[in-house]
Every structure is written in C-alpha cells, then in structure tokens.
Amino acid sequence: MNDPSFPLLALSRHRIGIDGVGVTTLVAGAGCPLSCAYCINKKLLCQAPKRISPQELFDRVKQDDLYFRATNGGLCFGGGESLLHLDFIEALRPLCAGWRLTAETSLHVSPAEASRAADLFDDFIIDVKTTDPDCYRRYTGRTPDHVMGNLCWYAEHLDPARILVRIPLIPGYQDETAQEQCVRDLRALGYCGEIDTFPYIVPKQEANQ
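Dropping the structure here:
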C-alpha cells in the first residue's frame, strides 16, 4: 500500500465528552458525499485542505499521548465523511497504539467501505439524520443508498457499545413525531445501541432561506 495522505482542514484538541470516550482531538477532513441543507461545516469544507501523511498527523497530535492513554481517548475523525479515508486510517493505526480511533460518519458509503471501517476504528458516531427516504433526499440532496443496510450490518456484527447513533430534529424537515418514528425504525431494524436525539440549532439566516 502506498503511503496515503489525508486532506486535513483543522485540528481541535482537548475535547471531552463530545467526540467519543475520554479526551479527544478532532481531526477534520475534506470530502463528503452529502450536501446537507444545514451543514455546520459548510464553510470549512469549501477550504483547500492541507494534505498530510500518517506520520505528519501523528507528529502533530502525539503531544497529547498522556491525555489519550489516561482517559482511554484518542482521535476522532470528522469534518466531511471520515470513511472516505480508510487507506490513511490503516496506515495511521499502527502509529496510534493505545489510542482510540473514532469515526463520525453518515455511513453513506459502500458496504465494502463500511465493513472495512469496522476493523479500523474502535467507535462510531453515526449521523443517521432520518430513516424517511424522502426527507433524507430533500435534506441531504442524496438518496439514502446503503445507509440503513450498513447500519443493519453494524448492528449485527459490532458490539453495540462501539456505536452511537444520532438523530436530529431538523427544522423544516423533521419534527419530534418524525424523530420518534426514526427511533422506532432503528429498533425494528435490530439496532440496540445508544441513540442520541437532539435539535439542530439553525442560524437564523439559513432557517429563513
């Protein structure tokens, strides 16, 4: 395997309780298959990324090794779609022994990519958004191909403790009733892990568009 690079947009250190277990550094990368109406990283994703090697990233984050090991934390990959960079994660993994690697993902990837990611990441924060195909299409600009299938595969093959599913209340797209239906849909699919339901806080200018 060639030494892959990662399209780094930003690093955010010393995050606690929002990006997985323990103290984490959020590694934001470019690239996303979705075009979500209220994307909180829309401006960030428009920036030209800096491409770095696994060793270069490790050298930039290793200063927090003690925090990671003491709290069972590590790196959380997000920004765009973290599962688009699996060659990089595979090359980085041996450098990060003793750290947890968490993926923030929409699971809007192929089944092969989702399966491979299960062996590379310790934990997954999955932004399902909605189980309603029409709502998903209107909000993300894409069809929900593979998403539910990938989640079903994870529910069957992974320890539920490794997965957190997030379902937002999306103003103008999904209300509380629809959000509750999404939870029921996921339980019916066999997912027994944690589900986080929360409201999107939409900037006024975007909500009025």
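The sequence shown: position 81 = 67 (the numbering used here), numbered continuously. The beta carbon of each residue, even a glycine, is placed where N, CA and C say it ideally should be.
A check of alpha carbon separations from Pro80 across Gly65, Gln41, Ala98, Thr117 identifies Gln41 as the nearest.
Scanning the segment 54 to 133 from its first residue to its last, the whole alpha helix (DSSP H) runs of 4-plus residues come out as 72 to 78, 97 to 106, 119 to 126. Within the model, the alpha-carbon separation for Leu69 versus Phe63 is close to 9 Å.
Under the three-state reduction of DSSP, Gly17 is assigned to coil, being neither helix nor strand. Taking C-beta separations shorter than 8 Å and ignoring five residues to either side along the sequence, the partners of Gly176 in its chain run Cys138, Ala141, Glu142, following chain order. In summary, Ala56 is exposed, with fewer than 16 beta-carbon neighbours lying within 10 Å of its beta-carbon over all protein chains present. Along the length of the segment -3 to 54, whole alpha helix (DSSP H) runs at least 4 residues long occupy 28 to 31, 40 to 47, reported in chain order.
Here the segment 101 to 118 lies against the segment 160 to 176, with 3 or more beta-carbon pairs under 8 Å apart.
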